[in-house]
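Undergrad: Please see the structure below; I have some questions.
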Amino acid sequence: MSRATRTPRGSLTLDRLRRDGEAFSIEISREYYLAHSGQKASADLQPIYARHADVTSAEALGVALDAFKASADGSEERRGARLLLDWQVDAQSGRELAALEEREIAWEASAVVSVADGRQIEYEAVAIEIANAADARERHAIEAGRATLVEKELASLRRERFERERDITVQLGLAGDYNKTWELLSGISLEGLSAECEQFLKDTESLWDEVLPRFAKRVLDMTPAELTRADALALFRAREFDAYFPPARMEESISKQVRDMGVDPLAHQRIRLDTGEREGKRARAFCSPVRIPEEVYLVLRPHGGQTDWTTFLHELGHALHFAYMRPDLPFEYRWLGDNSITEAYAMLFDHRMEDAGWLKRYTELGASNIPTFRRSSGFEELHFLRRYCAKLIYEVQLYNAANWDAVPDMYVDILTKATTFRYSRADAFVDVDARFYAARYLRAWQLQALLNETLTERYDVDWWRNPRAGPWICSALFGEGQRELAHEQAERVAGKPLSFAPLVRAVESMLA
Ligand SMILES: [Zn+2]
Numbered sequence: 052m053s054r055a056t057r058t059p060r061g062s063l064t065l066d067r068l069r070r071d072g073e074a075f076s077i078e079i080s081r082e083y084y085l086a087h088s089g090q091k092a093s094a095d096l097q098p099i100y101a102r103h104a105d106v107t108s109a110e111a112l113g114v115a116l117d118a119f120k121a122s123a124d125g126s127e128e129r130r131g132a133r134l135l136l137d138w139q140v141d142a143q144s145g146r147e148l149a150a151l152e153e154r155e156i157a158w159e160a161s162a163v164v165s166v167a168d169g170r171q172i173e174y175e176a177v178a179i180e181i182a183n184a185a186d187a188r189e190r191h192a193i194e195a196g197r198a199t200l201v202e203k204e205l206a207s208l209r210r211e212r213f214e215r216e217r218d219i220t221v222q223l224g225l226a227g228d229y230n231k232t233w234e235l236l237s238g239i240s241l242e243g244l245s246a247e248c249e250q251f252l253k254d255t256e257s258l259w260d261e262v263l264p265r266f267a268k269r270v271l272d273m274t275p276a277e278l279t280r281a282d283a284l285a286l287f288r289a290r291e292f293d294a295y296f297p298p299a300r301m302e303e304s305i306s307k308q309v310r311d312m313g314v315d316p317l318a319h320q321r322i323r324l325d326t327g328e329r330e331g332k333r334a335r336a337f338c339s340p341v342r343i344p345e346e347v348y349l350v351l352r353p354h355g356g357q358t359d360w361t362t363f364l365h366e367l368g369h370a371l372h373f374a375y376m377r378p379d380l381p382f383e384y385r386w387l388g389d390n391s392i393t394e395a396y397a398m399l400f401d402h403r404m405e406d407a408g409w410l411k412r413y414t415e416l417g418a419s420n421i422p423t424f425r426r427s428s429g430f431e432e433l434h435f436l437r438r439y440c441a442k443l444i445y446e447v448q449l450y451n452a453a454n455w456d457a458v459p460d461m462y463v464d465i466l467t468k469a470t471t472f473r474y475s476r477a478d479a480f481v482d483v484d485a486r487f488y489a490a491r492y493l494r495a496w497q498l499q500a501l502l503n504e505t506l507t508e509r510y511d512v513d514w515w516r517n518p519r520a521g522p523w524i525c526s527a528l529f530g531e532g533q534r535e536l537a538h539e540q541a542e543r544v545a546g547k548p549l550s551f552a553p554l555v556r557a558v559e560s561m562l563a
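For the sequence shown, the numbering used here assigns the number 52 to the initial residue and increments by one for each residue that follows.
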């Protein structure tokens, strides 16, 4: 018997699921925003799940599953139903894991790292402290304190969360295992992307082996064999350029560029900036769309120097995407969908920090420093691409592994081999992005390269200050929300498939 021919379950219809789903998402999103920005010591997620019990009920999952099964392959109904089902699967584990997640958020906001020299450092500020420590011994000491604390307290929380999420997902019985379920719900091939990552690591290995020793020597006075992940933070912090990226000019310069492109950088007050220092604020910047498109927060904790500029550009790309989505799009195209799309827009913005014309016009680098700066950016880009390729390969294998006890060694192996920086076993479950978010980043990287090519063809190399480019971006890209998959958008906008090829070319040209 086909599920589709049954009478609708209870009183929950697809339209009510959308409406209640949006109300639920708004509350959850606001709670995350308040907790991660340090305005609340913890996130009270469980009361929200209780208030919206219908949205994460078995009945809700059933409604989404019925819609998915009843829709024809390739139809618009199937597209929407797949997104709703993907969200429901996530929401089911989200409900069951809410208590665990609250503990994790509270832990992050209050944990303190003890360093051997007697110092106590707020856990959320550790990455900033390590990046700013000029001495390798000091970095390694802080890192040792961090790893000890993480191993003792956070690693088990994270492992439990991912194990339970895996089990809840597989038990729904949608596809054979965790990876196959993710592929069904996302429309993305993990095997295909993993193979591309293996190839990328091979293709760029000799370039990496050639450039890493030079940068490690020049910036840190270290040999590759001495490098740990803590040194990576300091290496990419690139303090030598700080003077050209003054904190006081960041918002003003970047806002001017967005205005030059014909777009209001605050989207008529729909975007609110939260960029000051606040205790308990997450070190990792984020964009929180609380109501889409009406209320979007951009949250950044200042680290100093060029990192903040890159981060601000990235989060502004997200914020503008959410704030310029068409308000009449259904819930699933505004709130759900392939996050490779929003990450691609974020990267389209942050990659201006590799664009000589942009750097010359909107920063204080000056023409003479641009070649050195771009080489350093190319090096950083290559590192992050190699790290994310390795992360995806590891995470795919993680979910294929029968026993997670042996996983920390595999993690250290794969990540260290790809990046040269020595990774710590303590991070095997901490450095995992839930539900293969690394795949979204990698596809975003590929998509932004094609979007940049398209914008250059349409509006010239300085499209970012062409007043006709912004309105086109807002309507042809941002306005569509996340209705399309990244590879569909690549075909529509650029007429090309996603691949690492343009990224390899860009990195090679920056490092030349
Ligand atoms: Zn992002």
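Backbone N, C-alpha and C define an ideal beta-carbon position, used for all residues, glycine too.
With a threshold of 6 angstroms, establish whether the CB of E394 neighbours any heavy atom of ligand 1.
TA: Stepping through the sequence shown from its first residue, residue 394 is reached at position 343. At least one heavy atom of ligand 1 is nearer than 6 angstroms to the Cβ of E394, so yes.
Undergrad: Contact defined as beta carbons within less than 8 angstroms: I believe A370 pairs with C338. What is the distance between those atoms, to the nearest angstrom?
TA: Counted from its first residue, the sequence shown places residue 370 at position 319. Counted from its first residue, the sequence shown places residue 338 at position 287. 5 angstroms between Cβ atoms; contact.
Undergrad: What residue does the alpha helix (DSSP H) around R491 start on, and which one ends it?
TA: Translated into the one-based positions of the sequence shown, residue 491 becomes position 440. Segment Y488 to Y510, the alpha helix (DSSP H) holding R491.
Undergrad: What residue from S62, R102, T64 and L85 has the CA that sits closest to D74's CA?
TA: Working through the sequence shown from its first residue, we reach residue 74 at position 23. What sits at residue 74 in the sequence shown is Ala, not Asp. Nearest of S62, R102, T64 and L85 to A74, Cα basis: R102.
Undergrad: Can you tell me whether Q143 is buried or exposed, with buried defined as 16 or more other CB within 10 angstroms of its CB?
TA: Start at 1 with the first residue of the sequence shown, and residue 143 comes out as number 92. Q143 is buried by the Cβ-count criterion.
Undergrad: Taking 7 angstroms as the threshold (C-beta atoms), are A477 and E202 in contact?
TA: Residue numbering aside, residue 202 sits at position 151 when the sequence shown is read from its first letter. Residue numbering aside, residue 477 sits at position 426 when the sequence shown is read from its first letter. Yes, these two residues count as a Cβ contact at 7 angstroms.
Undergrad: Since R342 sits in a beta bridge, which residues does DSSP pair it with?
TA: Within the sequence shown, the letter at position 291 stands for residue 342. R342 is bridged to E346.
Undergrad: Looking at C-alpha atoms only, which residue of R342, A182, L134 and V164 is the closest neighbour of Y174?
TA: Locating residue 174 in the sequence shown gives position 123, counting from the first residue. For the residues R342, A182, L134 and V164, the minimum Cα distance to Y174 belongs to V164.
Undergrad: Less than 7 angstroms between the beta carbons of D513 and G408, yes or no?
TA: Position 462 of the sequence shown, counted from the first residue, corresponds to residue 513. Position 357 of the sequence shown, counted from the first residue, corresponds to residue 408. The answer is yes: Cβ separation under 7 angstroms.
Undergrad: Can you check the region 413-467 for any alpha helix (DSSP H) of at least 4 residues that lies completely inside it and give the ranges in chain order?
TA: The region 413-467 contains these whole alpha helix (DSSP H) runs: 421-451.
Undergrad: Say yes only if the C-beta of A370 is nearer than 6 angstroms to one or more non-hydrogen atoms of ligand 1, and no if none qualify.
TA: Counted from its first residue, the sequence shown places residue 370 at position 319. No, the beta carbon of A370 sits no closer than 6 angstroms to any heavy atom of ligand 1.
Undergrad: Is the beta carbon of A132 sitting closer than 7 angstroms to the one on S122?
TA: Within the sequence shown, residue 132 is the residue found at index 81, counting from 1. Within the sequence shown, residue 122 is the residue found at index 71, counting from 1. Contact: yes.
Undergrad: For R170, which residues in the same chain have their Cβ closer than 7 angstroms to its Cβ, ignoring the five residues on either side in sequence?
TA: Position 119 of the sequence shown holds residue 170. Excluding residues within five positions, none has a Cβ falling inside 7 angstroms.
Undergrad: Using the beta-carbon count (16 or more within 10 Å), is S526 buried or exposed?
TA: Residue mapping note: residue 526 aligns to position 475 of the sequence shown, counting from 1. Exposed: under 16 other Cβ atoms inside 10 Å.
Undergrad: Roughly how many angstroms separate the alpha carbons of A453 and S76, rounded to a whole number?
TA: Here residue 453 refers to the residue found at position 402 of the sequence shown. Here residue 76 refers to the residue found at position 25 of the sequence shown. Near 34 angstroms, if we compare the C-alpha coordinates of S76 and A453.
Undergrad: Comparing alpha-carbon positions, which option in L416, L63 and H87 lies nearest K332?
TA: Looking up residue 332 in the sequence shown gives position 281. The residue with the shortest Cα to Cα distance from K332 is H87.
Undergrad: Quick one: is G429 buried, meaning 16 or more other Cβ sit within 10 Å of its Cβ, or exposed?
TA: Against the sequence shown, residue 429 aligns to sequence position 378. Buried, since its Cβ has 16 or more Cβ neighbours within 10 Å.
Undergrad: With distances taken Cα to Cα, identify the nearest neighbour of R14 among V341, Y295 and D282.
TA: Because the chain here runs from 52 to 563, residue 14 falls outside it and cannot be looked at.
Undergrad: Distance check for D117 and T58, CA to CA, integer angstroms please.
TA: Residue numbering aside, residue 58 sits at position 7 when the sequence shown is read from its first letter. Residue numbering aside, residue 117 sits at position 66 when the sequence shown is read from its first letter. Residue placement at T58 is flagged as unreliable, the pLDDT there being 44, under the threshold of 50; the coordinate-derived value follows with that caveat. Taking the straight line from one Cα to the other gives about 11 angstroms.
Undergrad: How is A557 classed by DSSP in three states: helix, strand or coil?
TA: Residue mapping note: residue 557 aligns to position 506 of the sequence shown, counting from 1. Correct three-state label for A557: helix.
Undergrad: Can you determine whether any heavy atom of ligand 1 sits closer than 6 angstroms to the C-beta of A397, and answer yes or no?
TA: Counting from 1 along the sequence shown, the entry for residue 397 is found at position 346. Yes, the beta carbon of A397 sits closer than 6 angstroms to at least one heavy atom of ligand 1.
Undergrad: Got a sec, what are the start and stop residues for the beta strand (DSSP E) E328 sits in?
TA: Position 277 of the sequence shown, counting from 1, holds the residue named residue 328. Counting along the chain, E328 falls outside any beta strand (DSSP E), and DSSP gives it neither H nor E.
Undergrad: Would you say I81 and V481 are within 7 angstroms of each other, going by their C-beta atoms?
TA: Sequence index remark: in the sequence shown, residue 81 carries index 30 (1-based). Sequence index remark: in the sequence shown, residue 481 carries index 430 (1-based). Per the sequence shown, the amino acid found at residue 81 is Arg instead of Ile. Result no, Cβ atoms of R81 and V481 do not sit closer than 7 angstroms.
Undergrad: Quick one: any contact between the region 434-447 and the region 479-499, if contact means 3 or more CB pairs under 8 angstroms?
TA: Verdict: yes, contact present.
Undergrad: Taking the alpha carbon of A469 as the point to measure from, which residue in S257, F551, D105 and E383 has its own alpha carbon closest?
TA: Here the question's residue 469 lines up with position 418 in the sequence shown. The residue with the shortest Cα to Cα distance from A469 is S257.
Undergrad: Quick check: the region 527-538 against the region 379-386, are there 3 or more CB pairs under 8 angstroms?
TA: Result yes; three or more Cβ-Cβ pairs closer than 8 angstroms.
Undergrad: At the level of alpha carbons, what is the spacing between T232 and T220?
TA: Stepping through the sequence shown from its first residue, residue 232 is reached at position 181. Stepping through the sequence shown from its first residue, residue 220 is reached at position 169. Using only the alpha carbons, I get a separation of about 8 angstroms.
Undergrad: Spell out a yes or no on whether the region 286-306 and the region 352-368 are touching, meaning 3 or more CB-CB pairs, one atom from each, closer than 8 angstroms.
TA: Yes, the region 286-306 is in contact with the region 352-368.
Undergrad: How many whole angstroms separate the CB atoms of H538 and P548, which I take to be in contact at a CB cut-off of 8 angstroms?
TA: For this step, residue 538 is matched to residue 487 along the sequence shown. For this step, residue 548 is matched to residue 497 along the sequence shown. Sure, about 7 angstroms apart at Cβ, within 8 angstroms.
Undergrad: Between the alpha carbons of E504 and A520, how many angstroms are there, rounded?
TA: What you label residue 504 is simply residue 453 of the sequence shown in a count that begins at 1. What you label residue 520 is simply residue 469 of the sequence shown in a count that begins at 1. For E504 and A520, the distance between alpha carbons rounds to 13 angstroms.
Undergrad: With DSSP as the reference, label F266 as helix, strand or coil.
TA: Looking up residue 266 in the sequence shown gives position 215. If DSSP states are grouped into helix, strand and coil, F266 belongs with the helices.
Undergrad: In the DSSP assignment, the beta strand (DSSP E) including S165 goes from what residue to what residue?
TA: Taking the sequence shown and counting its residues from 1, the one referred to as residue 165 is at position 114. Per DSSP, S165 belongs to the beta strand (DSSP E) from V163 to S165.
Undergrad: Do you know offhand how far A178's Cα is from Q499's?
TA: Counted from its first residue, the sequence shown places residue 178 at position 127. Counted from its first residue, the sequence shown places residue 499 at position 448. Looking at the two C-alpha atoms, the distance is approximately 27 angstroms.
Undergrad: Should M274 be labelled buried (16 or more other beta-carbon atoms within 10 Å of its own) or exposed?
TA: The sequence position of residue 274 within the sequence shown is 223, counting from 1. Contrary to the premise, residue 274 reads as Thr rather than Met in this sequence. Exposed.
Undergrad: Count the C-beta pairs between the region 424-439 and the region 257-270 that are closer than 8 angstroms, then say yes if the count reaches three, no if not.
TA: As far as the Cβ criterion goes, the region 424-439 touches the region 257-270, which means the pair count is three or higher.
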